[in-house]
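Structure first, then comments.
Protein chains: 2
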Amino acid sequence: MHDIAHPDPHIEGHFQSSESVRDVVIGLSDGLTVPFALAAGLSGAISSAHIIVLAGLAEIAAGSIAMGLGGYLAARGDAEHYASELKREQTEVVTRPEDEAEEIYQIFDQYAVPREAAAPVLSALQANPAAYVDFMMRFELGLEKPASSRAHRSALTIAASYIAGGIVPPLPYMFVHPPYVVGGDFPVVPLIWDTTVALKYSVLITLLALALFGALKGRLLGTGTLRSALQTSLIGGAAAAVAYTLARLLNHS
Amino acid sequence: MHDIAHPDPHIEGHFQSSESVRDVVIGLSDGLTVPFALAAGLSGAISSAHIIVLAGLAEIAAGSIAMGLGGYLAARGDAEHYASELKREQTEVVTRPEDEAEEIYQIFDQYAVPREAAAPVLSALQANPAAYVDFMMRFELGLEKPASSRAHRSALTIAASYIAGGIVPPLPYMFVHPPYVVGGDFPVVPLIWDTTVALKYSVLITLLALALFGALKGRLLGTGTLRSALQTSLIGGAAAAVAYTLARLLNHS
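See below:
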């Protein structure tokens, strides 16, 4: 059935890879945004880098599992919905041929194609039940056959992308080290000496990552490189700014 | 154009409300899952209810903005993609009529409908350019015209549902109160006296909320009430368990 709808293996390949791209985009954009905003928000209220890293990693674990399992179940649900509708159409084509014929006429009627023009198409479909069912699935119900391994792959792709994106914002907090004295009179001040400094580095590298990701996404999906880069940075920045402000306000009240 | 594809206002209404249902499902399922897992994870590592509530609220702010804005941009992107493809088809129908006719034949060829059977349909479409373009949008490109106000509504629905779901898991942590002495010899022990107790209540009410939400979702989408209730509880529970274990391991290492 699948071969009828997509006779060209190149088209099918393109179709599957664009679904994987979509999964990577879903995982990366949420992974870069939510742990970023959480770390920024906590920095507005507490000074323990340890807790911020802990919260960030707990969020990455929670988010990647929730999104991955969610993606898995959504893909499984699509596949089951397709299978049950396919079965129903296969039965109806045999048991209620007049109703199915009327549905074909109605599909064409929506495009002002009269019954007598649609009749030859109906006859051709009736001569080939498999193609008839396929036609109804696509043109009556608007359903595409999902790739069989899609659910597992989708779950893993989304979860891995979420982790890859999520690990970026908490990174600077992992290198927080307070000033220390080695032997001389002056303390050695490490690059990142408290969470306020870590937040600045986190904002810097995450906005860079968001812009880079947005640019690549805009290029792949053809929505414009610069515009997409600005959009993803804006979403991430807005979420982080609101979380930071909210945490500060709550902490001072 | 829209009226041609969906002549029945009832069908259109059904279609829009099912998209809103989908937005509520997206927002609620992530809102109930991720703040739940975050609160559980932090409970495994720190004992300050204040910080857990703060992290939960920061996450809800971050998550609702990221998902809402993400949904807005996705819907806007769909609308722009539809508009640009519509323009292209409208031009091609006029400037490259032979190519468009060949595309019609190819669409039908996928369903084993011979050229001579498809020819009357092609003639009918060519007599009505608006319907012709509509037919190509739907059957060549598989695109449905998005509702015009969809982007705003989708963003608000997703964000509001995320907040509504997200507020449930941190609730018990807001009522943590240590035992206190009023006048007698024995301290008064409140219902929730530390974060370990709060975690138990959080698990209880969130799993109940997840099961209730899953049951309603399964009923609305027709995927089975009990099965859907089990699935949503399982995802939430798994995410929370992993986040809790991870935070405990990290805190003890």
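If you read the sequences in order, they're chains A and B.
Residue numbers 1428 to 1680, in my numbering, belong to the letters of the first sequence in order.
Residue numbers 1428 to 1680, in my numbering, belong to the letters of the second sequence in order.
C-beta atoms are modelled at their ideal positions from N, C-alpha and C, and glycine is treated no differently.
Note the first and the last residue of the continuous alpha helix (DSSP H) segment covering B/V1615. Note, B/V1615: premise wrong, no alpha helix (DSSP H); not H, not E.
Return the Cβ separation of A/A1638 and A/T1659 in integer angstroms, given the expectation that the two are a contact with Cβ distance under 8 Å. About 7 Å separates the two Cβ atoms, so the contact holds.
Take A/L1484 and list the residues in its own chain whose beta-carbon comes closer than 8 Å to its own, dropping the five residues that flank it on each side. P1597
C-alpha distance - A/E1519 paired with B/A1539, whole-angstrom precision: 20 Å
Measure the C-alpha to C-alpha separation of B/G1497 and B/M1564 and round it to an integer number of angstroms. 25 Å
Return the first residue and the last residue of the alpha helix (DSSP H) that A/G1504 is part of. Segment A1476 to T1522, the alpha helix (DSSP H) holding A/G1504.
Selection from A/L1481, A/E1446, A/S1470 and A/L1500 that minimises the alpha carbon distance to B/L1677: When only C-alpha atoms are compared, the closest one is A/L1481.
So with CB distances below 7 Å, who are the chain A contacts of B/Q1658? L1500
Is B/A1510 buried or exposed, if buried means 16 or more other CB atoms sit within 10 Å of its CB? exposed
Return the residue from the list B/E1507, B/A1464, B/S1550 and B/L1648 that minimises the CA-CA distance to B/E1527. Considering only alpha carbons, the answer is B/S1550.
Run through chain C and tell me which residues come within less than 8 Å of A/P1573, C-beta to C-beta. Absent from the structure: chain C. Protein chains present are A and B.
Quick one: give me the first and last residue of the alpha helix (DSSP H) that B/Y1671 is part of. Its alpha helix (DSSP H) spans residues T1652 to H1679.
Just curious, the alpha helix (DSSP H) that A/F1640 is in, first and last residue? Counting along the chain, the unbroken alpha helix (DSSP H) around A/F1640 starts and ends at T1622 to L1648.
Could you round the C-beta distance between A/L1465 and A/A1636 to whole angstroms and report it? I think they count as a contact, below 8 Å. Rounded, the Cβ-Cβ distance is 16 Å, inconsistent with contact.
By the criterion of Cβ-Cβ separation under 8 Å, what are the contact partners of A/D1450 in chain B? Within chain B, no residue comes near A/D1450; the closest Cβ sits about 14 Å away, beyond 8 Å.
For A/V1548, which of B/Q1553, B/G1663 and B/I1534 has the nearest alpha-carbon? B/I1534
Can you give me the C-alpha to C-alpha distance between A/E1446 and A/V1608, rounded to a whole angstrom? 54 Å
Chain B beta carbons: is any one of them nearer than 9 Å to that of A/E1543? yes
Just how far apart, CA to CA, sit B/T1649 and A/P1573? With the sequence shown as reference, residue 1649 of chain B is identified as Gly, and Thr is not the correct amino acid for it. Using only the alpha carbons, I get a separation of about 19 Å.
Compare the C-beta of B/D1561 against all C-beta atoms of chain A and say whether one is closer than 9 Å. yes
Along chain A, which residues have their Cβ under 9 Å away from the Cβ of B/P1547? V1540, P1541, E1543, A1544, A1545, A1546, P1547 and V1548
Pairwise C-alpha distance: B/R1523 and A/F1566: A/F1566 and B/R1523: Cα-Cα distance of roughly 25 Å.
Chain B residues whose Cβ lies nearer than 7 Å to that of A/F1566: F1566
If the cut is a Cβ gap below 9 Å, which residues of chain B does A/S1456 touch? A1493 and G1497
When the Cα of B/R1449 is compared with those of B/V1595, B/P1617 and B/R1580, which residue comes out closest? B/R1580
Would A/H1429 be called buried (16 or more neighbouring beta carbons within 10 Å of its own) or exposed? Per-residue confidence for A/H1429 stands at a pLDDT of 36, beneath the threshold of 50, marking its modelled position as unreliable; the derived number appears in the next sentence. Note on A/H1429: under 16 other CB atoms within 10 angstroms of its CB, so exposed under the neighbour-count rule.
Output needed for B/Y1589: all residues of its chain with C-beta closer than 8 Å, excluding positions within five of it in sequence on either side, in chain order. G1454, L1455, D1457, G1458, I1487, G1490, S1491, M1494 and G1495
Just to make sure I have the definition right: I need the residues of chain A whose C-beta is within less than 7 Å of the C-beta of B/G1504. Which are they? T1650
Does the separation of the CB atoms of A/P1605 and A/P1617 fall below 9 Å? yes
Hey, out of B/S1475, B/V1451, B/V1461 and B/V1452, whose CA is closest to B/A1625's CA? B/S1475
Could you confirm whether any beta carbon from chain A is found closer than 9 Å to the beta carbon of B/Y1532? no
So which residues of chain A does B/F1640 contact, with C-beta pairs closer than 7 Å? Going along chain A, no residue has its Cβ under 7 Å from B/F1640, so there is no contact; the nearest lies around 13 Å.
Look at the alpha carbon of A/S1470 and the alpha carbon of A/T1622, and state the distance between them as a whole number of angstroms. 6 Å
Below 9 Å between beta carbons: does that hold for A/L1634 and A/G1592? no
Between the Cα of B/A1582 and the Cα atoms of B/R1675, B/P1462, B/R1503 and B/V1461, which residue gives the shortest distance? Cα-wise, what sits closest to B/A1582 is B/R1503.
What is the DSSP secondary structure of A/Y1559, counted as helix, strand or coil? helix
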